[in-house]
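Colleague:
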Amino acid sequence: MTPAQKNALLDSLALPVLAAPMFIVSGPELVIAQCKAGIVGSFPALNARPAAALDEWLTQIETELVAERKLHPTRKIAPYAVNQIVHSSNARLEEDMATCVAHRVPIVITSLRAPDEVVKHVHGYGGVVFHDVISVRHAQRALEAGVDGLILVCAGAGGHAGTLSPFALVPEVRRFFDGPIMLSGAIASGSSILAAQAAGADLAYMGTRFIATREARAQAEYKDMLVEASAADIVYTSLFTGVHGNYIKQSIVRAGLDPDNLPVGDKRTMNFGSGDITEAKAWRDIWGAGQGIGQISNVPSTAELVSQLASEYHAARSRLSLLQA
Ligand SMILES: Cc1cc2nc3c(=O)[nH]c(=O)nc-3n(C[C@H](O)[C@H](O)[C@H](O)COP(=O)(O)O)c2cc1C
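Going by numbering that gives the first Met the number 0, the first residue of the sequence shown is number 0, and it counts up by one from there.
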């Protein structure tokens, strides 16, 4: 990604945020609302079921964003992103990538394995690839694969998450990479978005906070749990997918398990299959969330949430400039 491309991306946003893709939760309604509000919206390709639905989702997103740009030519309307799980058990990867290439998806977010093949396809039509990593070793491997940007998934992030503090990982990665860095892990307020930039990231990467919005495809009970629970209720376990991730304790208890005595998961059991929801028990019954959960107190529309985050962000900037004066 050239510095000009990076600047064009940042200039297209009303707030430096990429709304993270979330299994089951992110659908076209959420993505469209996020982009219209001026932040990058995204969803995992596997959420569109069956695979043929991906083409329909992309057409719907593009049509609505083109119409919005026509209607409000001076407003910041962000590009969208599609997440691809690069894993041998993802039987749809090739077909989903062909659909993304046909639509020239502007940003592809890859997770798990280094995305060599995906990078080739996306660069072929001028798109960019951001890869999520939890360590310096994974960051270096992704850069060797030719990715354009790195998503640093730090401690406290929802879903599969790392254990490193952002104050450790961002500076270590910045030593060898000056391209776009997205930072994630419990970012749920405007002041934390500013903190991500202060730490050296370009964009905040936010998932959990957007589950508690009207457009998110999460049951009402899940949204209520997000409002009620706090950081101490987040359990970090490998049981459900074989990879360590953060989940809400109350949903583990409701499923009849003891959150304080969970067995260790088996990596070999991780199976993305055809993306069939019945294969996704972990995400359907055991609800993922990051440590930012304690900052969630309402379930607004996405537009209202982004506007609230923007006010908090600008208030935090003013506070800091007063401190410096
Ligand atoms: C319920 C849930 C589902 C998720 N599903 C995916 C996914 O399918 N693909 C992916 O790359 N990341 C997934 N993530 C991780 C997010 O993309 C992101 O890294 C994380 O939400 C950021 O941390 P935060 O939730 O503390 O903001 C998921 C997170 C949650 C909470």
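Note that beta-carbon positions come from the ideal geometry of N, C-alpha and C, so glycine has one too.
1. CB-CB under 6 Å to residue 211, same chain, minus the five flanking residues each way: which ones, in chain order?
2. Check whether the region 110-119 touches the region 57-67, counting contact only when three or more Cβ pairs, one atom from each stretch, lie closer than 8 Å.
3. Do you know offhand how far residue 178's Cα is from residue 252's?
4. May I have a chain-ordered list of the beta strand (DSSP E) segments no shorter than 3 residues that lie completely inside the region 207-260?
5. By Cβ distance, which residues of its chain are closer than 7 Å to residue 193, with the 5 residues on each side in sequence left out?
6. Please report how far the alpha carbon of residue 149 lies from the alpha carbon of residue 127, in whole angstroms.
7. Between which residues of its own chain and residue 54 is the CB-CB distance below 6 Å, once the five residues before and five after are set aside?
8. According to DSSP, simplified to helix, strand and coil, what is residue 109?
9. To the nearest angstrom, how far is the alpha carbon of residue 171 from that of residue 180?
10. Looking at ligand 1, does it come within less than 7 Å of residue 204, judged from the CB to the closest heavy atom?
11. Relative to the C-alpha of residue 61, which candidate in 49, 50 and 76 has its C-alpha closest?
12. Whole angstroms is fine: what's the gap from residue 216's alpha carbon to residue 24's?
13. For residue 123, tell me which candidate among 141, 27, 32 and 145 has the shortest Cα-Cα distance.
14. Could you tell me which uninterrupted beta strand (DSSP E) segments, each at least 3 residues in length, are contained entirely in the region 71-149, listed from first to last along the chain?
15. Return yes when the Cβ of residue 214 is within less than 8 Å of the Cβ of residue 28, no when it is not.
16. Any chance the CB of residue 294 is under 7 Å from a heavy atom of ligand 3?
17. Count the C-beta pairs between the region 239-256 and the region 280-291 that are closer than 8 Å, then say yes if the count reaches three, no if not.
Modeller: In terms of the structure at hand:
1. Taking the first residue of the sequence shown as 1, we reach residue 211 at position 212. The answer, listed in chain order, is 222, 225, 295 and 298.
2. Not touching, per the Cβ criterion.
3. For the purposes of this step, residue 178 is identified with residue 179 of the sequence shown, where counting begins at 1. For the purposes of this step, residue 252 is identified with residue 253 of the sequence shown, where counting begins at 1. Rounded to whole angstroms, the gap between the alpha carbons of residue 178 and residue 252 is 42 Å.
4. Runs of the beta strand (DSSP E) inside the region 207-260: 233-236 and 244-247.
5. In the sequence shown, counting from the first residue as 1, residue 193 sits at position 194. Counting only Cβ-Cβ distances below 7 Å, and skipping sequence neighbours, we find 312, 315 and 316.
6. As a working mapping, residue 149 is identified with position 150 in the sequence shown. As a working mapping, residue 127 is identified with position 128 in the sequence shown. The straight-line gap from Cα to Cα measures roughly 11 Å.
7. The count along the sequence shown starts at 1 and reaches residue 54 at position 55. If we look at residue 54 and ignore the five residues flanking it on each side, its Cβ neighbours are 98.
8. Against the sequence shown, residue 109 aligns to sequence position 110. When secondary structure is reduced to three states using DSSP, residue 109 falls in the strand class.
9. On the sequence shown, residue 171 is found 172 positions in, with the first residue counted as 1. On the sequence shown, residue 180 is found 181 positions in, with the first residue counted as 1. CA-CA distance, residue 171 to residue 180, rounds to 12 Å.
10. Along the sequence shown, read from residue 1 onward, the residue named residue 204 stands at position 205. Flag set: Cβ of residue 204 near ligand 1.
11. Here residue 61 refers to the residue found at position 62 when the sequence shown is read from its first residue. Selected option, being the one with the closest Cα: 76.
12. Within the sequence shown, residue 216 is the residue found at index 217, counting from 1. Within the sequence shown, residue 24 is the residue found at index 25, counting from 1. Spanning the two alpha carbons is a distance of roughly 4 Å.
13. Position 124 of the sequence shown, counting from 1, holds the residue named residue 123. Of 141, 27, 32 and 145, the residue nearest in Cα terms is 145.
14. Runs of the beta strand (DSSP E) spanning 3 or more residues and lying entirely within the region 71-149 occur at 79-85, 106-111 and 127-132, in chain order.
15. Along the sequence shown, read from residue 1 onward, the residue named residue 28 stands at position 29. Along the sequence shown, read from residue 1 onward, the residue named residue 214 stands at position 215. In contact: residue 28 and residue 214 (Cβ atoms closer than 8 Å).
16. This structure lacks ligand 3; the ligands present are ligand 1.
17. Flag = yes, the region 239-256 and the region 280-291 touch.
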